[in-house]
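**Student:** Residue numbers (my numbering), protein chains in the order written: chain A, 1307 to 1523; chain B, 12 to 290; chain C, 1091 to 1315. Glycine residues also receive a C-beta, built at the ideal position from the N, C-alpha and C atoms. Please read these numbers as outputs of a predicted model, since none were measured by experiment. The structure is given below, and queries will be raised subsequently.
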Amino acid sequence: MFWKRQFPILITAFVAVVMIAAYFIPKPGIADTRDNLQVWFQIVVMFTMILGLLNLLFVSWHKARKGRKEDRFYNWVTIFSLLGTIVAGFFGINSPAFDFIFNNIYTPLSATIFSLLAFYVASASFRAFRAKSIMATILLITAFIVMLGRVPLGDWISGWAQGTSLGFLYLPNITNWIMEVMNMAGQRAVLMGAALGLIATGIKIILGIERSYLGGE
Amino acid sequence: MTFLEKLDRLDRRIIFLIIGIAVFVPLLFRVPIKVVQSPIVQDIYEGIQALPEGSTIMLSFDYDPSTLAELQPMAEAVVKHCIQKKHRMVFMGLWPQGPKLAQGIMDEMAPRYNLQYGVDYVNLGYKTGGIVVISSLGSSIADPFPTDMNGTPLRELPIFDNVKTLRDFAYVVSLSAGDPGIKHWVMIAKDRFKVPVGGGVTAVSAPAFYAYYNSGQLEGLMGGLRGAAEYETLIDTPGTASYGMNAQNWAHLMIILFIIIGNTTMLVLKRRKEKSRVR
Amino acid sequence: MTMTFAGAIGIFLAGALTLAIFSFLYKDNPVYKFAEHLFVGTSAGYWFVYNYFNVFKPNVEVAWKEAVGFWDYFHVVIPVLLGILMLMRLIPSVSWISRWAMAFSVGMTVGLNTITELETNILKQIGATLSPFASLHFNNGGLGASVNAIIILLAVLAALVYFFFSKEHTGGYGHIAKVGIWVLMITFGASFGYTVMARISLLIGRVQFLQTDWWVAIKHIIGLG
């Protein structure tokens, strides 16, 4: 049906062409259209976030009432903390209640959950990071040099070489060279490869060849 | 089971404990460490230092509390540097938590250094849209941000008397934990509107941005806690990053030892298995 | 900054929640699960509140109140309508209409990203790789920079050759691709080293909080400081 498949593809193509044209044609008409579309976009994205929030609420509500018995309590925790934060927020984003939730609940939880990764990286380094080939060995040796060169320890153990004819053995110097030459070259290649892929996909989307973003049917 | 076989099957909670001690104990001593500067951090410092006093700088807080430990020390160091140089600061965020983290810094700095809101600094708040917001700023700041974070129209804030679009900023500093972030500032602010861009990122993403630094698209970059410690050394004000480098030392050493021990154990056990198969 | 009793209670709570998350390292337990779900709820609530105050209020509410003339109202009504269409995704019988809003969002990002990716990540990167050759010299202190420029060019080309999978990696082409893998292994090794640094830094941040702020808060609560 036209309104379900072709019309959305036309919207995508029209909006994308306006954005591309505005880049090259600095005329007021096109520039104004682009500026208006950009402001519209922020409002639409806000609704997308509300969509995600409502989805979370519905899923948690469903699990809290009909999910596994041992997990129901935790889904109620999600629901009440979500609603409680919204209620606190409506007293103002600088209100004491909202500040309390942000500073003493949200921030420590967010920071700590990601800090757990330090322990898992340590565990993985003992159990999983195996130099089973020459390539893996190169990777690990590079990692060792960078890990030592980026902490004061690297300066302490190789500081004797700094300013001498053996200055190339100074770990921070080696690390800087690895980062600014070898790493940079590899990252540049990855960047360019990814950009080519993005551009190709973008063109396919504009031309209506790539339609997976519309979902099924 | 031999010792090596036991070591190979070591309970990971013991590894967790070791790394926990390697971080906890050094931090008890609260010793700030001055670190050797790298050119990439030096360049962002010199970029801000070279600006005429009173320049208006955009500081975009594009991160959330999950990366607080790495990016907040950088943010504090850059803000202190801007205050030292009497630069005017406009804060915003492409992530919703960013402006609130900026506010936390200014709640402490503003009374300490007698900074006036609206004149010396402003917090525009957060907007959805990532790269589209930055593009929108290029036409007019008031387009995406008709008001600041507190609902005050921009026309009532003196800091915007001569600053109407992104081009009017002397420098953009993006403290970025991912997407949207510093990459988009480079794409639009630097490449399209020619505004110098520097910033700080988490150590995870720092290696990828060396390509932008090499091409001159990024003026400079702080990478992770180390980058923050370098900046603190440059402004001669030790902070949480400088105090944290001691623990970073020992933790890195532990990780390297774990890798060496793990690989050695694997090699020895592999050889033993091959020998027993031959027999 | 002097700590009030209420502030100390708040920091104590923050520390307790920190330890609740760390308890997962021993094993999964109800305290950790409670903290995890609390995080999900407060995170979602925070996003909603900030989107309302920072996006909806200024760009919709205030824009509507200050609108003068048809076009001002038009520029508020249309994006809000698109947003409502996006929410229709939750109703299965009419979820197809959310495609219009999705198409608008995708069109915007594709239109903007296609050109900027081309300029920032291809043209400028090619330029940066080749431009040092305009002033290459091997004396007067320029040896290091010149050698580095040659290494960078060769390394970038080799890595790009490796990524081109439409041609089989055999013969001379295969050898260049192999050099490309070596370059990428060094790149990934550097990334791994930085990733370790990042993860450890996050832990350092939490331990610093527990050792300073939290400890001060406990002393304040029990009357020792």
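Select from the segment 1452-1468 of chain A all residues with a C-beta closer than 8 angstroms to any C-beta belonging to chain B, and list them in chain order.
**Tutor:** Cβ contacts with chain B come from M1453, L1454, R1456, V1457, P1458, L1459, D1461.
**Student:** Look at the alpha carbon of A:K1510 and the alpha carbon of A:S1421, and state the distance between them as a whole number of angstroms.
**Tutor:** In the first sequence, residue 1510 of chain A corresponds to position 204, counting from 1. In the first sequence, residue 1421 of chain A corresponds to position 115, counting from 1. If I take the Cα positions, the gap works out to 40 angstroms.
**Student:** For A:A1328 and C:F1164, I'd like the C-alpha separation in whole angstroms.
**Tutor:** Your numbering for residue 1328 of chain A matches position 22 in the first sequence. Your numbering for residue 1164 of chain C matches position 74 in the third sequence. Near 21 angstroms, if we compare the C-alpha coordinates of C:F1164 and A:A1328.
**Student:** Taking 9 angstroms as the CB-CB limit, is A:F1330 close to chain B?
**Tutor:** Position 24 of the first sequence, counting from 1, holds the residue named residue 1330 of chain A. Answer no: the Cβ-Cβ gap between A:F1330 and chain B never drops below 9 angstroms.
**Student:** So which of C:L1226, C:S1225, C:K1123, C:M1287 has the shortest CA-CA distance to A:L1423?
**Tutor:** As a first step, residue 1423 of chain A is located in the first sequence; it is residue number 117 there, counting from the start. The candidate whose alpha carbon is nearest that of A:L1423 is C:M1287.
**Student:** Using a Cβ-Cβ distance under 9 angstroms, would B:T78 count as near chain A?
**Tutor:** What you label residue 78 of chain B is simply residue 67 of the second sequence in a count that begins at 1. Closer than 9 angstroms: yes.
**Student:** In this structure, does DSSP put B:V42 in helix, strand or coil?
**Tutor:** The residue you call residue 42 of chain B lines up with position 31 of the second sequence. Correct three-state label for B:V42: coil.
**Student:** DSSP three-state call for B:L186: helix, strand or coil?
**Tutor:** Counting from 1 along the second sequence, the entry for residue 186 of chain B is found at position 175. Note: B:L186 maps to strand in three-state DSSP.
**Student:** From A:A1403, A:R1378, A:I1315, A:R1456, pick the residue whose C-alpha is nearest to that of B:W261; which is it?
**Tutor:** Along the second sequence, one-based indexing puts residue 261 of chain B at 250. Among A:A1403, A:R1378, A:I1315, A:R1456, the Cα nearest to that of B:W261 is on A:R1456.
**Student:** Anyone know if the C-beta pair for A:I1407 and C:Y1136 falls short of 9 angstroms?
**Tutor:** The residue given as residue 1407 of chain A occupies position 101 in the first sequence. The residue given as residue 1136 of chain C occupies position 46 in the third sequence. Against a cut-off of 9 angstroms, the Cβ pair of C:Y1136 and A:I1407 comes out as a contact.
**Student:** Note down, in chain order, every chain A residue with its Cβ under 7 angstroms from the Cβ of C:K1123.
**Tutor:** Along the third sequence, one-based indexing puts residue 1123 of chain C at 33. Those are Y1380, listed as they occur along chain A.
**Student:** Any chance you could list the beta strand (DSSP E) runs of at least 3 consecutive residues sitting entirely within the segment 1332-1395 of chain A, in chain order?
**Tutor:** For the segment 1332-1395 of chain A, not a single whole beta strand (DSSP E) run of length 3 or above is found.
**Student:** Can you give me the start and stop residues for the beta strand (DSSP E) that B:S71 sits inside?
**Tutor:** Position 60 of the second sequence, counting from 1, holds the residue named residue 71 of chain B. Where B:S71 is concerned, the enclosing beta strand (DSSP E) stretches over 67-73.
**Student:** Return no unless some Cβ of chain D is closer than 9 angstroms to the Cβ of C:I1242.
**Tutor:** As a matter of chain content, chain D is missing from the structure shown, whose protein chains are A, B and C.
**Student:** Is it true that the CB of B:L79 sits closer than 9 angstroms to the CB of A:A1337?
**Tutor:** To locate residue 1337 of chain A, count along the first sequence from 1; it is residue 31. To locate residue 79 of chain B, count along the second sequence from 1; it is residue 68. No; because the gap between Cβ atoms is not below 9 angstroms, this pair is not in contact.
**Student:** Can you tell me whether A:Y1476 is helix, strand or coil according to DSSP?
**Tutor:** On the first sequence, position 170 is the one that residue 1476 of chain A refers to. DSSP places A:Y1476 in coil when its eight states are reduced to three.
**Student:** From C:G1100 to B:F35, what does the alpha carbon distance come to, in whole angstroms?
**Tutor:** By 1-based counting over the third sequence, the position of residue 1100 of chain C is 10. By 1-based counting over the second sequence, the position of residue 35 of chain B is 24. If you take the alpha carbons of C:G1100 and B:F35, they lie about 23 angstroms apart.
**Student:** Can A:A1491 and C:I1241 be called in contact, C-beta distance under 9 angstroms?
**Tutor:** As a working mapping, residue 1491 of chain A is identified with position 185 in the first sequence. As a working mapping, residue 1241 of chain C is identified with position 151 in the third sequence. In contact: A:A1491 and C:I1241 (Cβ atoms closer than 9 angstroms).
**Student:** Beta-carbon separation of C:S1195 and A:V1350 under 9 angstroms?
**Tutor:** The residue you call residue 1195 of chain C lines up with position 105 of the third sequence. The residue you call residue 1350 of chain A lines up with position 44 of the first sequence. The answer is yes: Cβ separation under 9 angstroms.
**Student:** Which class does B:F102 belong to by DSSP, given the choice of helix, strand or coil?
**Tutor:** Taking the second sequence and counting its residues from 1, the one referred to as residue 102 of chain B is at position 91. Reduced to three states, the DSSP call for B:F102 is strand.
**Student:** Could you tell me if B:E285 is buried or exposed, where buried requires 16 or more neighbouring beta carbons within 10 angstroms of its beta carbon?
**Tutor:** Translated into positions along the second sequence, residue 285 of chain B becomes position 274. Exposed, because fewer than 16 other Cβ atoms sit within 10 Å of the Cβ of B:E285.
**Student:** Counting only Cβ-Cβ distances shorter than 7 angstroms, please list the residues of the segment 1180-1198 of chain C near chain A, keeping chain order.
**Tutor:** So the list reads L1180, W1186, R1189, W1190, A1191, M1192, A1193, F1194, S1195, V1196, G1197, M1198, given in the order they occur along the chain.
**Student:** Please state whether DSSP places C:Y1122 in a helix, a strand or coil.
**Tutor:** As a first step, residue 1122 of chain C is located in the third sequence; it is residue number 32 there, counting from the start. Three-state DSSP puts C:Y1122 in a helix.
**Student:** Put B:L62 into one of helix, strand or coil per three-state DSSP.
**Tutor:** In the second sequence, counting from the first residue as 1, residue 62 of chain B sits at position 51. Note: B:L62 maps to coil in three-state DSSP.
**Student:** Check distances from the C-beta atoms of the segment 1473-1486 of chain A to those of chain B and list, in chain order, the residues that come in under 7 angstroms.
**Tutor:** Listed by position along the chain: P1478, N1482, M1485, E1486.
**Student:** Tell me, please, whether the CB atom of B:I55 is closer than 9 angstroms to any CB atom in chain A?
**Tutor:** Numbered from 1 along the second sequence, position 44 holds the residue referred to as residue 55 of chain B. Chain A contact via Cβ: absent.
**Student:** Can you confirm whether A:L1292, when its beta carbon is compared against all beta carbons of chain B, has any partner nearer than 9 angstroms?
**Tutor:** The displayed coordinates of chain A run from 1307 to 1523. Any statement about residue 1292 of chain A would go beyond what the structure contains.
**Student:** Between C:L1208 and A:I1505, what straight-line distance do the alpha-carbon atoms span, to the nearest angstrom?
**Tutor:** Position 118 of the third sequence, counting from 1, holds the residue named residue 1208 of chain C. Position 199 of the first sequence, counting from 1, holds the residue named residue 1505 of chain A. Approximately 7 angstroms between the Cα atoms of the pair.
**Student:** Just list the alpha helix (DSSP H) runs in the segment 1398-1478 of chain A, keeping only unbroken ones of 4 residues or longer that don't cross its boundaries, in chain order.
**Tutor:** 1402-1407, 1413-1433, 1440-1455, 1458-1464, all fully within the segment 1398-1478 of chain A.
**Student:** What would DSSP say about B:P169, mapped onto helix, strand or coil?
**Tutor:** The count along the second sequence starts at 1 and reaches residue 169 of chain B at position 158. Helix at B:P169.
**Student:** Just to confirm my understanding: we take A:R1340, look at its own chain, exclude 5 residues before and 5 after, and list those with CB closer than 7 angstroms. What are they?
**Tutor:** Here residue 1340 of chain A is taken as the residue at index 34 of the first sequence, counted from 1. Excluding residues within five positions, the ones whose Cβ falls inside 7 angstroms are V1324, M1325, A1328.
**Student:** Does the beta carbon of C:F1143 sit closer than 9 angstroms to a beta carbon anywhere in chain B?
**Tutor:** Locating residue 1143 of chain C in the third sequence gives position 53, where the first residue counts as 1. Answer yes: the Cβ-Cβ gap between C:F1143 and chain B drops below 9 angstroms somewhere.
**Student:** So within the segment 209-246 of chain B, which uninterrupted beta strand (DSSP E) runs reach at least 3 residues, ignoring any that extend past its ends?
**Tutor:** Fully enclosed beta strand (DSSP E) runs of 3 or longer: 232-234.
**Student:** Select from A:F1308, A:V1345, A:A1394, A:F1379 the residue whose C-alpha is nearest the C-alpha of B:A153.
**Tutor:** Taking the first residue of the second sequence as position 1, residue 153 of chain B is located at position 142. The option with the nearest alpha carbon to B:A153 is A:V1345.
**Student:** Indicate the three-state DSSP secondary structure (helix, strand or coil) for B:Y137 in the structure shown.
**Tutor:** Numbered from its first residue, the second sequence carries residue 137 of chain B at position 126. Here B:Y137 sits in strand by DSSP.
**Student:** For the candidate residues B:N134, B:E81, B:P122, B:L62, whose alpha-carbon lies nearest to that of C:T1285?
**Tutor:** Position 195 of the third sequence, counting from 1, holds the residue named residue 1285 of chain C. The shortest Cα separation from C:T1285 among B:N134, B:E81, B:P122, B:L62 belongs to B:E81.
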